[in-house]
Amino acid sequence: MILFRLLIVIFLISLSGEIVWAAKPGILLAAFGTSVKEAYKAYDKIEAAYANKFPDSPVMLVFTSQKIRKKLAREGRDAPSIAEALQDMADKGCQTIYIQSLHVMAGEEYGELERAVLLDMAKHPGRFKAVYLGRPLLESLEDAQKAGDAILSALNPGRAPDEAVILMGHGHGHGRADLVLEGAAAILKRRDPLVFIASVEGSRNLEDIIKELQSSNVKKVWLMPLMVVAGDHARNDLLGDEPASWANRLRTAGYEVEGKLMGLGEIEGIREIFLEHTNTLDDLTREPVKP
Ligand code: CO
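Using our numbering, the letters of the sequence shown correspond one by one to residues 193 to 483.
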């Protein structure tokens with residue numbers, strides 16, 4: 193609400209032509225990253241949505257994964273870090289920065305992004321008037337409901353009501369990832385009892401889901417990544433040709449399998465959630481208000 197009022201004030205000031213910069217924040221889209229070229233289309237669509245919403249702002253995509261950035265650099269591909277991108281925005285004359293996390297949840301990568309930004313701000317005090325950070329995709333009950341709707345509609349037409357869906361989350365051995373995925377899975381299950389979430393590194397794995405499927409009449413399973421891009425995990429661990437891929441393990445267990453090689457960022461309803469989060473940013477330049 194405060195931000196909204198602030199934006200109105202900034203808008204009015206900019207109309208009078210005095211502080212035009214304030215209405216044109218530099219926008220950094222901070223994603224985990226991928227080295228799979230075909231997967232970039234999800235990022236391209238998100239970038240296009242931001243360019244459309246903020247036509248006068250520079251919009252820049254950065255990858256938070258150092259491993260991915262190093263790999264891209266070895267291949268001679270452009271891969272700025274968050275610090276380099278902030279410098280670039282300063283060089284462009286931006287005084288307000290909106291950083292929007294393109295992570296699925298506020299897990300390890302999101303925490304590292306926040307720390308990297310705060311550290312960079314401490315190194316360059318006063319470089320920007322304000323730096324805002326937008327929360328990742330699954331942040332509230334409402335987010336998970338909207339994301340669930342968007343994902344299920346992306347599987348239609350195609351999926352029949354008696355066909356199951358297994359979404360591959362990334363997950364993590366520790367931290368809150370399991371908790372967020374379990375919450376999202378419960379919300380999806382309420383909407384559609386044949387939708388499941390398992391993860392690559394988290395505690396609920398494919399075998400748990402296969403056990404659940406065996407007590408149902410399901411014959412066909414749809415597989416889709418619960419990740420912003422359909423990168424390496426989607427192409428190999430989920431739908432790859434190796435016997436250990438989820439697709440092949442499900443086939444071995446007797447199911448017909450259909451893969452949906454689509455990153456969440458390719459779905460309009462998902463992009464809308466990110467854009468909404470860019471409307472309710474956390475101000476990193478201000479001390480938290482004590483109750
Ligand atoms: Co991984």
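From the three backbone atoms N, C-alpha and C, an ideal C-beta is built for every residue, glycine too.
Just so we're clear, the structure is a prediction, and the values are computed from it rather than from any experiment.
Roughly how far, in whole angstroms, is the beta-carbon of residue i from the beta-carbon of residue j, given that I think they are within contact range, below 8 Å?
{"i": "V372", "j": "L330", "result": "6 Å"}
{"i": "L442", "j": "V413", "result": "5 Å"}
{"i": "L473", "j": "G340", "result": "Actually they are not in contact, since the Cβ atoms of L473 and G340 sit about 24 Å apart, beyond 8 Å."}
Does the beta-carbon of residue i have 16 or more other beta-carbons within 10 angstroms, so that it is buried, or is it exposed?
{"i": "T288", "result": "buried"}
{"i": "R383", "result": "exposed"}
{"i": "Q292", "result": "buried"}
{"i": "A426", "result": "buried"}
{"i": "D335", "result": "buried"}
{"i": "L311", "result": "exposed"}
{"i": "A378", "result": "exposed"}
{"i": "T477", "result": "exposed"}
{"i": "G361", "result": "buried"}
{"i": "T444", "result": "exposed"}
{"i": "P435", "result": "exposed"}
{"i": "P385", "result": "exposed"}
{"i": "S332", "result": "exposed"}
{"i": "K216", "result": "buried"}
{"i": "M261", "result": "Reading off the sequence, residue 261 comes out as Arg, not Met. So R261 counts as buried."}
{"i": "D270", "result": "exposed"}
Could you say which of the options lies nearest to residue i if we only look at CA atoms?
{"i": "M313", "options": "L431, G365, S408 and A282", "result": "A282"}
{"i": "I343", "options": "S332, F320, G326 and L380", "result": "L380"}
{"i": "T256", "options": "A422, S407, E355 and G299", "result": "G299"}
{"i": "V420", "options": "R261, H295, N244 and K263", "result": "H295"}
{"i": "R351", "options": "S395, E301 and K411", "result": "K411"}
{"i": "D354", "options": "S408, T444 and A241", "result": "S408"}
{"i": "Q337", "options": "A376, A271, F224 and L305", "result": "A376"}
{"i": "G218", "options": "D424, V228, E239 and E458", "result": "E239"}
{"i": "F224", "options": "G423, R307, G268 and F388", "result": "G423"}
{"i": "L221", "options": "L305, D433, W438 and K259", "result": "L305"}
{"i": "A241", "options": "T472, I462, E479 and P349", "result": "I462"}
{"i": "N471", "options": "E230, P328 and R261", "result": "P328"}
{"i": "A346", "options": "L415, K321, R266 and E301", "result": "L415"}
{"i": "I459", "options": "G285, D248, L418 and D429", "result": "L418"}
The beta strand (DSSP E) spanning residue i covers which residue range?
{"i": "A265", "result": "Here A265 belongs to no beta strand (DSSP E); instead the alpha helix (DSSP H) covers Q258 to R266."}
{"i": "L325", "result": "A322 to G326"}
{"i": "I219", "result": "G218 to A223"}
{"i": "I459", "result": "Here I459 belongs to no beta strand (DSSP E), and DSSP marks it neither H nor E."}
{"i": "G361", "result": "A356 to G361"}
{"i": "E450", "result": "E448 to G451"}
{"i": "L161", "result": "Any property of residue 161 remains undetermined from this structure, which presents the chain solely from 193 to 483."}
{"i": "V387", "result": "V387 to S391"}
Taking the alpha helix (DSSP H) that residue i belongs to, which residues open and close that run?
{"i": "Q287", "result": "Counting along the chain, Q287 falls outside any alpha helix (DSSP H), and DSSP gives it neither H nor E."}
{"i": "A339", "result": "L333 to A346"}
{"i": "M252", "result": "First-last for M252: V251 to F255, but that is the beta strand (DSSP E), not the alpha helix (DSSP H)."}
{"i": "P303", "result": "One detail in the question is off: residue 303 reads as Gly in this sequence, not Pro. Note, G303: alpha helix (DSSP H), E300 to K315."}
{"i": "A241", "result": "Y232 to K245"}
{"i": "A439", "result": "W438 to T444"}
{"i": "D370", "result": "A369 to R383"}
{"i": "E399", "result": "L398 to Q406"}
Would you say the beta carbon of residue i comes nearer than 7 Å to a heavy atom of the ligand GTP?
{"i": "E464", "result": "The ligand GTP is absent from the structure shown, which contains only the ligand CO."}
Closer than 7 Å is what we want: which residues have a beta carbon that near any heavy atom of the ligand CO? List them in chain order.
-> Every residue passing the under-7 Å Cβ criterion appears here: H362, V392, E393 and H425.
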